[in-house]
Each structure stands twice: as C-alpha cells, then as structure tokens.
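A.B. asks:
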Amino acid sequence: METKKDIQNKGNFLVKKYHFRKNIINYIYQFELFDINLNTEEIVNNKLNVINENELKTLELIECKYETLKNIAKKFLLNSWEWSRISPLSRAIIIFGIYELTYNEPKVVINEMINISKLLSPNEDYKFINGILDRVAKQIAKK
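Going by this note's numbering, the first residue of the sequence shown is number 2, and it counts up by one from there.
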C-alpha cells in the first residue's frame, strides 16, 4: 500500500518530469523558430540560458539525431502538409515527442505532448501533434 509520502514523491517526480519536458521543448523551439539545427554548444554559451545537466545530456542526444527525428516527422505528415508550414512550437513538440517515443510509454508521451501543446499554443495544434505522434507510435510498435 502506498503511503502519503510515496504518493507525494510520485507527484513531485511527475511535476519535475513535466517541467523537464517543457524546458527541452523550449530549447528546441528557439532553434526551430529560426529554422536552424539544434546546437547545444550555442545553448551552453548563451549566458541567458540556465540549463541543468540532465537537460543538456538529453539535448545532446537529440542534437545527434535531429535530422533523423525531423525526417521521421516529415514522413508521417499528411499529403497536404509541409514541414515548413507547421508552427515552430509544434515542430519542437513533435521532434521531442518522437525522441521520447523511443524511450517511454507511448500513451504517456503523447498525452504529455498534447498537454504541453494545449498550455503553450493558443490554437488546436494539439490535434495535429496527436495525429503525427500516434502514427509514429504505431509504426514503432510494429517493429
């Protein structure tokens, strides 16, 4: 049986994970906004950014796979969409979502990306993000 402290610790972990994901998306967004590849060296050298070690390690892993992650996303776009037409914020969420799908439970990742999208984006981009991440997750599950 879980104690009150166990439940509280689980809640704290989930809040920290949520903020971690939101921070990663914000860093990716900074680069997608200008349509340039993620560059962790630039993030570290920018004195305005306060980045912790876990965020930096994750961003370095994403940086190594950045073009691959974008190409996966492009592959799952519907015919009428072009990558350049998607908002930079949605692109950042999709890139990180695809990265996360390879390491975490798909339902959790997709739900978290939808929630972050709803929080950060005033329109209904979350539906579009859900569709892409769901198609990617189904493809990963087939492997």
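Yeah, the Cβ is synthetic: ideal placement off N, Cα and C, and Gly gets one too.
Using only CA atoms, which one of R136, Y127, W82 lies nearest to L102?
C.D. replies: Within the sequence shown, residue 102 is the residue found at index 101, counting from 1. When each option's Cα is compared against that of L102, the closest is R136.
A.B. asks: In its own chain, which residues sit with a C-beta less than 6 Å from the C-beta of A93, not counting the 5 before and 5 after it?
C.D. replies: As a first step, residue 93 is located in the sequence shown; it is residue number 92 there, counting from the start. Cβ within range, chain order: I26, I29, Y30, E33.
A.B. asks: Can you grab the Cα-Cα spacing for the pair Y100 / S81, in whole Å?
C.D. replies: Working through the sequence shown from its first residue, we reach residue 100 at position 99. Working through the sequence shown from its first residue, we reach residue 81 at position 80. Computed Cα separation, rounded: 24 Å.
A.B. asks: Taking only the alpha-carbon atoms, compute the straight-line gap between I130 and P107 and give it to the nearest angstrom.
C.D. replies: Locating residue 130 in the sequence shown gives position 129, counting from the first residue. Locating residue 107 in the sequence shown gives position 106, counting from the first residue. In a straight line, the C-alpha of I130 is about 13 Å away from that of P107.
A.B. asks: Which class does D36 belong to by DSSP, given the choice of helix, strand or coil?
C.D. replies: Here the question's residue 36 lines up with position 35 in the sequence shown. Here D36 sits in coil by DSSP.
A.B. asks: For K66, which of E43, F97, S91, Y127 has the nearest alpha-carbon?
C.D. replies: Position 65 of the sequence shown, counting from 1, holds the residue named residue 66. Ranking the options by Cα distance to K66, first place goes to F97.
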